[in-house]
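Each residue of the sequence shown is one higher than the last, beginning at 538 in this note's numbering. Even glycine gets a Cβ: it sits at the ideal position worked out from N, Cα and C. Keep in mind it's a predicted model, so treat the numbers as computed, not measured. One structure below.
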Amino acid sequence: MTHPTYTQQALSRYNLPRLKRIAAERGVIPTGDKRAAQTWVNAIITHQSTQLQKVDNQATAQAELDNYIADQAQAVAAEPLTIVEISFDHHEYYAGNQLVASISHDDNLTQPWVVMVNGTEKFRANTWARCNRFIEWHHQDGTLNEPVLTQTEVEETPTTGNEIMAQIFNECEKYGFEILDDGIYDNNGVKLGQVGCTDGDWWVIQGSSVQQQYSNSVYDAVLSLSMLDVSNGGKSIFDEYFLEQPLQQLTGDKLQRLLERTELVTA
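Structure (structure tokens):
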């Protein structure tokens, strides 16, 4: 409860019963001659001074905490990136004056755009835009300088939501998929499904299904989405052809489509 603050001059005007009532409201018990009004005045003034000191100390502590939080937030926040175009096929990314990454182009037929960090290849893609998103994503997440993971390391169980999303993002980038709030989409804007990890177990929801299917790894989960043919009710290309008719009975068009889709998956 908040009580009014009295000056010593104001308290001196009150009679003894009023002073006792003010003291009782604040839980003040004076020492000394309780028959003297000045004893109660002194006790109330001392109590008010103590309370004001506590408030000042709390305000100081809160201000120090607020400053500390602000300093930490500033330290953690990723510095904005500046892109310097060296040539059409070479771009450098700077945070302040520090070179943090670059995008260049080589003779790779399927994924010619490559992200380099500290002289190490971090990522490849078939477009510059995907490499740009990779750099911005991992710079914001603070993981741009982390060592390149081997396949075994990638399949280790993630422990945080950020780690799960980073692994899903990396796999989706290989196929040019987009991750939106409600799932994973191909480059035609068609929803392929969802991928996630619960209690260390990877799962995938294919197409418009609501059923989670167990998957060995994030690699296998995203791979299964890349094999979906949404125009055939979410069936995989292998379900569509091998389960419904023998390979020998495929028409030329269907066989060509199967080969094209298989090349896409294995690229």
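- T576 and Q595 have their C-alpha atoms some 29 Å from each other.
- With a cut-off of 8 Å on Cβ pairs, the stretch 598 to 607 is not in contact with the stretch 549 to 566, counting fewer than three such pairs.
- In this structure, the straight-line span from the alpha carbon of S639 to that of G713 is close to 20 Å.
- From the listed residues Y630, V652, D738, I721, the smallest Cα separation to G744 is found for I721.
- Apart from sequence neighbours up to five positions away, no residue of its chain approaches D718 with a beta-carbon distance below 6 Å.
- Residue environment for F625: exposed (fewer than 16 other C-beta atoms within 10 angstroms of its C-beta).
- DSSP places A703 in the helix class (H, G or I) of the three-state scheme.
- Shown here for H675: same chain residues with a beta carbon closer than 7 Å to its own, the five before and five after excluded, namely L681 in chain order.
- Beta-bridge pairing by DSSP links T619 to Y631.
- Taking the CA atoms as reference points, R667 sits about 7 Å from E710.
- Around the beta carbon of Y630, 16 or more other beta carbons lie within 10 angstroms, which makes this residue buried.
- Within the same chain, Cβ atoms closer than 7 Å to the Cβ of V565 are found at A580, I581, H584, the five residues on either side in sequence being excluded.
- In this chain, the alpha helix (DSSP H) harbouring Q677 covers 665 to 678.
- Per the DSSP secondary-structure output, K728 pairs in a beta bridge with Y722.
- The beta carbon of Q731 sits closer than 6 Å to the beta carbons of G720, I742 from its chain, once the five residues preceding and following it are set aside; these are given in chain order.
- Counting along the chain, no beta strand (DSSP E) covers S745, and no H or E run does either.
- In this structure, M702 is the residue among K659, Y551, M702 with its C-alpha nearest to the C-alpha of G733.
- Here W740 is near Q749, since their CB atoms are less than 7 Å apart.
- When secondary structure is reduced to three states using DSSP, V565 falls in the coil class, being assigned neither helix nor strand.
- Selection D593, N724, G737 evaluated against E700 yields G737 as nearest (Cα-Cα).
- Between the beta-carbon of S549 and that of V578 there is about 6 Å, and that keeps the pair under the 8 Å contact cut.
- Boundaries of the alpha helix (DSSP H) around A758: 755 to 763.
- N645 is classed as exposed because its beta carbon has fewer than 16 other beta carbons within 10 Å across all chains shown.
- Partner residues in the beta bridge of A662, as assigned by DSSP, are W650.
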